[in-house]
Every structure is written in C-alpha cells, then in structure tokens.
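Asks: Chains as they are written, first to last, in our numbering: chain A, 1 to 170; chain B, 1 to 170. By construction, the Cβ of each residue, glycine as well, lies at the ideal position given by its N, Cα and C atoms. Source: prediction; values computed, not measured. Here it is, the structure in full.
2 protein chains.
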Amino acid sequence: MPDNPEIIIGVDPGTNVTGYGIIIVESSSCSVLDFGCIRPPAHLKITDRYLIIYNSLEHLLDIHKPRVLAIETQFVHKNVQSAIKLGMARGVVIVAAKRRGIAVVEYSPTRAKRAVSGNGHASKIQVQGMVQKLLNLESLPEPEDAADALALALCHAHSQRFSQSLGVEI
Amino acid sequence: MPDNPEIIIGVDPGTNVTGYGIIIVESSSCSVLDFGCIRPPAHLKITDRYLIIYNSLEHLLDIHKPRVLAIETQFVHKNVQSAIKLGMARGVVIVAAKRRGIAVVEYSPTRAKRAVSGNGHASKIQVQGMVQKLLNLESLPEPEDAADALALALCHAHSQRFSQSLGVEI
Numbered sequence: 001m002p003d004n005p006e007i008i009i010g011v012d013p014g015t016n017v018t019g020y021g022i023i024i025v026e027s028s029s030c031s032v033l034d035f036g037c038i039r040p041p042a043h044l045k046i047t048d049r050y051l052i053i054y055n056s057l058e059h060l061l062d063i064h065k066p067r068v069l070a071i072e073t074q075f076v077h078k079n080v081q082s083a084i085k086l087g088m089a090r091g092v093v094i095v096a097a098k099r100r101g102i103a104v105v106e107y108s109p110t111r112a113k114r115a116v117s118g119n120g121h122a123s124k125i126q127v128q129g130m131v132q133k134l135l136n137l138e139s140l141p142e143p144e145d146a147a148d149a150l151a152l153a154l155c156h157a158h159s160q161r162f163s164q165s166l167g168v169e170i
Numbered sequence: 001m002p003d004n005p006e007i008i009i010g011v012d013p014g015t016n017v018t019g020y021g022i023i024i025v026e027s028s029s030c031s032v033l034d035f036g037c038i039r040p041p042a043h044l045k046i047t048d049r050y051l052i053i054y055n056s057l058e059h060l061l062d063i064h065k066p067r068v069l070a071i072e073t074q075f076v077h078k079n080v081q082s083a084i085k086l087g088m089a090r091g092v093v094i095v096a097a098k099r100r101g102i103a104v105v106e107y108s109p110t111r112a113k114r115a116v117s118g119n120g121h122a123s124k125i126q127v128q129g130m131v132q133k134l135l136n137l138e139s140l141p142e143p144e145d146a147a148d149a150l151a152l153a154l155c156h157a158h159s160q161r162f163s164q165s166l167g168v169e170i
C-alpha cells in the first residue's frame, strides 16, 4: 500500500442504482469514508436520471477528492438494450472522473471478489461479509451495489499493495 | 416550424466517430450552422477518448447554444460489447446536453431517413443527397456520420413543422 494516504472510490454504475464506496488507504490499513447508492427517481425521464447520477457523483468526487476511481469490467449483459443503458451510466461516471483528472481503473468481477474474499466466485453475501470485516464496519454494508463498489475500491488498494498490475487503467 | 429562430443539434454518437450537425430554423427555412465529426485519436485510452467527445461537444453547445439535441434511438447493435461502448458515448453526449438544460429528443433511424428523403430505408448516399438539397450545401455533407446528424436535426425541425409528436423527449 502507498506511504501517503490515498483515497479510492469504487463505483458500480447502473441506471436504477449506482453503488459507490470511498475508502482511505493509510500505511497498513484501509478505512471507509463513505458508501451508499445513487437512486434517481424512476418516474423521471431517463436523461434526467443520468444527470442525477452525474451530479451526485460529481458532488462525491468534489467532497472526497479520490485519486483513483475503480469500476467493474463489463463483459456480458442480459441483452443489447440493457447493455446500452449500462453503457450510458458507465459513460456518465467515467466523464465525471476524467473531467477532474481522476484515473479510471477497471477490474473484472472475479478479480474484485477474489481480492476481498479469496474466491472469485464468492456469493453476494460472502462479499458483503468480507467487506464488513476488512473495513471494520459495524454491520453488513447494504445494499449489495454499495458493497460491490467498496470491494472494487479494496481490490485496487490490494493490487497496489502487492504491486501487481491487476487493474487496467482505461 | 417555430416563429422564432431555433437552433437544433443532431448528434450521432460513437467511440471512434461522433457526427454532429447544427441547423438554424427560421420561418420557412432551415440552414446549416456547422457540421462535422469528433474523432478522438485511436491511440488514447478509451476514457480519454470519451473526455474528448465530452469536451468537444461542450464547446459546440456553448458556441451555438441549441435548444434541442436530437439523437438516434438505439434499437440493436452488433454485440453486447459494442452496445456498451456505444452506450458510453451516448451517455457522455446526453450529460453534456442535460447539464446545460438542453432537451434531448430521439428519433428512430427510419423516421429520420423518412423525414429527409421520404423513404425510411433510404441508402446513406440518398440521405446525404437530400440533406445537401434541403440545406443548400455546395457539396455532399461528409462523412456519413455528419450527414446522419444533420438528418436528425432536420427530422426534429420537420416534426415541429407538422406539429407531430414524432420525436420523444427522453
């Protein structure tokens, strides 16, 4: 892990729910700064929902000033329509980061799960349990989207610790 | 068409080439203000390419101050990976417009082709020819991506003329 404190944000983008998790990495420990979800009201026009995702994320980036944003590699999706929607949310997140000079790194879901639980095929509940343990949280991080985002941030912290090029700056 | 001059931008987003076409609609005529393509260098990281699309589009919106941005409805795509990439470019374009309070309307490709050529299945060259004619351009608008963007802007202008709800604000 780096000598200087480093702030990392993990983001799990989605049109309905965008999970985020922000951690600070200091010498040998990681602790949580913030986590949660952006949930644009479903009755709004889809473009207004993307604007809410953008504005909310911008707010988080401006408050916490992370150096790196970690995001999941997108391999597959249910269908082309949902892939386009996911891509739109992802594009919004990437632009919010890049406009502030924040590096964007991506990790495969398997890699993120393995980094926190040792098992690339861990269940959602196992990931939540390990994130809780690694970050000394009082309860399981909820919802899953926020836990996944914290796992991505932890994955990036661990990747730096072992000086492994697990993540790809995209 | 509206009584007051109205500026409309059509955008055909893509990771490699994002076409744009900006027209001004006054009483009974449409004329072109600008058209072309944003082509982020292919050797750059994909996130830097999206940042270039965002910044370039932002520049165009700030110069021309359109009231409406017209974009193509995305129905299908070759595969899920390219759908995610297209979605990312689309998300970037939508956020650039919505952050400025610009309405985003979408038209199906068939509708845009029919609006300019009378034929929803017109070829690329037919669309270019009709866009040239409708906007009194000296030569065929090139490349196709820019012609498609101009066709989208014209489609929105025509839709207003006939007071038809052809486009859907999204």
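Does chain A have any CB closer than 8 Å to the CB of Met-175 of chain B?
Replies: One cannot answer for residue 175 of chain B here, as it falls past the ends of chain B, which runs 1 to 170.
Asks: Exposed or buried, which one is Pro-5 of chain A when buried takes at least 16 other CB atoms within 10 Å?
Replies: Burial call: exposed.
Asks: Just to confirm my understanding: we take Ala-96 of chain B, look at its own chain, exclude 5 residues before and 5 after, and list those with CB closer than 8 Å. What are they?
Replies: If we look at Ala-96 of chain B and ignore the five residues flanking it on each side, its Cβ neighbours are Tyr-54, Leu-57, Glu-58 and Leu-61.
Asks: Is the shortest distance between the beta-carbon of Asp-12 of chain B and the beta-carbons of chain A less than 8 Å?
Replies: Chain A contact via Cβ: absent.
Asks: At the 8 Å Cβ level, is Ser-165 of chain A part of the contact set with chain B, yes or no?
Replies: Since pLDDT at Ser-165 of chain A reaches only 49, below the 50 mark, its modelled position is unreliable, and no value is offered.
Asks: Measure from the C-beta of Asp-34 of chain B to each C-beta in chain A and report whether the shortest distance is under 8 Å.
Replies: Chain A contact via Cβ: absent.
Asks: Quick one: what does DSSP say Ser-82 of chain B is sitting in, helix, strand or coil?
Replies: Here Ser-82 of chain B sits in helix by DSSP.
Asks: Let's test the definition: count the other Cβ atoms within 10 Å of the Cβ of Ser-123 of chain A and tell me whether it reaches 16, buried, or not, exposed.
Replies: Counting Cβ neighbours within 10 Å, Ser-123 of chain A comes out exposed, since fewer than 16 surround it.
Asks: Taking 6 Å as the limit between beta carbons, can you name the residues of its chain near Ala-112 of chain B, skipping five residues before and five after?
Replies: Closer than 6 Å at the Cβ level, and outside the excluded window around Ala-112 of chain B, lie Ala-151, Leu-152 and Cys-155.
Asks: Is the CB-CB distance between Arg-67 of chain B and Ala-103 of chain B below 8 Å?
Replies: Yes, they are a contact pair.
Asks: Could you tell me which chain D residues have their CB closer than 8 Å to the CB of Asp-48 of chain A, listed as they occur along the chain?
Replies: The structure shown contains no chain D; its protein chains are A and B.
Asks: Give the C-beta separation of Asp-145 of chain B and Gly-19 of chain B to the nearest angstrom, bearing in mind that I take them to be a contact with Cβ-Cβ under 8 Å.
Replies: With 8 Å as the limit, Asp-145 of chain B and Gly-19 of chain B qualify as a contact, their Cβ atoms being about 3 Å apart.
Asks: Alpha carbon to alpha carbon, how far is Ser-117 of chain A from Ser-31 of chain A?
Replies: The alpha-carbon atoms of Ser-117 of chain A and Ser-31 of chain A are separated by roughly 17 Å.
Asks: Under the three-state reduction of DSSP, which class applies to Glu-108 of chain A: helix, strand or coil?
Replies: Reading off the sequence, residue 108 of chain A comes out as Ser, not Glu. Looking at Ser-108 of chain A - three-state DSSP - the assignment turns out to be coil, as it is neither helix nor strand.
Asks: Verify whether the separation of the beta carbon atoms of Val-80 of chain A and Val-80 of chain B is less than 8 Å.
Replies: It is a contact, given that the beta carbons lie within the stated cut-off.
Asks: Between Gln-74 of chain B and chain A, is there a C-beta pair that is closer than 8 Å?
Replies: Taking Cβ atoms only, chain A reaches closer than 8 Å to Gln-74 of chain B, which makes this a yes.
Asks: What whole-angstrom Cβ distance do Ala-89 of chain A and Pro-41 of chain A have, given they're in contact under 8 Å?
Replies: That belief does not hold up - the Cβ atoms of Ala-89 of chain A and Pro-41 of chain A are roughly 15 Å apart, past 8 Å.
Asks: So, is His-43 of chain A buried or exposed, given that buried needs 16 or more other C-beta atoms within 10 angstroms?
Replies: Per the 10 Å Cβ criterion, exposed.
Asks: Whose CA, out of B:Ser-159, B:Thr-15 and B:Ile-170, lies closest to the CA of Ala-83 of chain B?
Replies: Considering only alpha carbons, the answer is B:Thr-15.
Asks: Just the C-alpha distance for Gly-87 of chain B and Ile-94 of chain B, rounded to the nearest angstrom, thanks.
Replies: Roughly 10 Å between the two C-alpha positions.
Asks: Taking only beta carbons into account, state which residues of the region 54-85 of chain B come closer than 7 Å to chain A, listed in chain order.
Replies: Under the 7 Å Cβ criterion, the region 54-85 of chain B contributes Tyr-54, Gln-74, Val-76, His-77, Val-80, Ala-83, Ile-84 and Lys-85.
Asks: Can you tell me whether Glu-58 of chain B is helix, strand or coil according to DSSP?
Replies: Helix.
Asks: Curious, which full-length beta strand (DSSP E) runs of at least 3 residues does the region 102-161 of chain A contain?
Replies: The region 102-161 of chain A contains these whole beta strand (DSSP E) runs: 103-107.
Asks: Provide the residue span of the beta strand (DSSP E) that contains Ser-31 of chain A, from first to last.
Replies: Counting along the chain, the beta strand (DSSP E) containing Ser-31 of chain A begins and ends at 29-38.
Asks: Could you pull out every residue in the same chain whose Cβ sits closer than 6 Å to the Cβ of Asp-148 of chain A, ignoring the five residues on either side in sequence?
Replies: Hits under 6 Å: Asp-12 and Gly-19.
Asks: Do Glu-169 of chain A and Lys-45 of chain B have their C-beta atoms within less than 8 Å of each other?
Replies: Yes; because the gap between Cβ atoms is below 8 Å, this pair is in contact.
Asks: Does any C-beta atom of chain B lie closer than 8 Å to the C-beta of Val-25 of chain A?
Replies: So, not an interface residue.
Asks: Pull up the distance between the alpha-carbon of Thr-73 of chain B and that of Arg-39 of chain B, whole angstroms please.
Replies: Spanning the two alpha carbons is a distance of roughly 21 Å.
Asks: Just reading off the beta strand (DSSP E) that Thr-18 of chain A is part of, what are its end residues?
Replies: Taken as a continuous stretch (DSSP letters only), the beta strand (DSSP E) holding Thr-18 of chain A covers 18-26.
Asks: Please classify His-121 of chain A: is it buried, with 16 or more other beta-carbons within 10 angstroms of its beta-carbon, or exposed?
Replies: By the 10 Å Cβ count, His-121 of chain A comes out exposed.
Asks: For Ile-170 of chain B, decide whether its Cβ has a neighbour in chain A, counting only Cβ atoms nearer than 8 Å.
Replies: So, interface residue.
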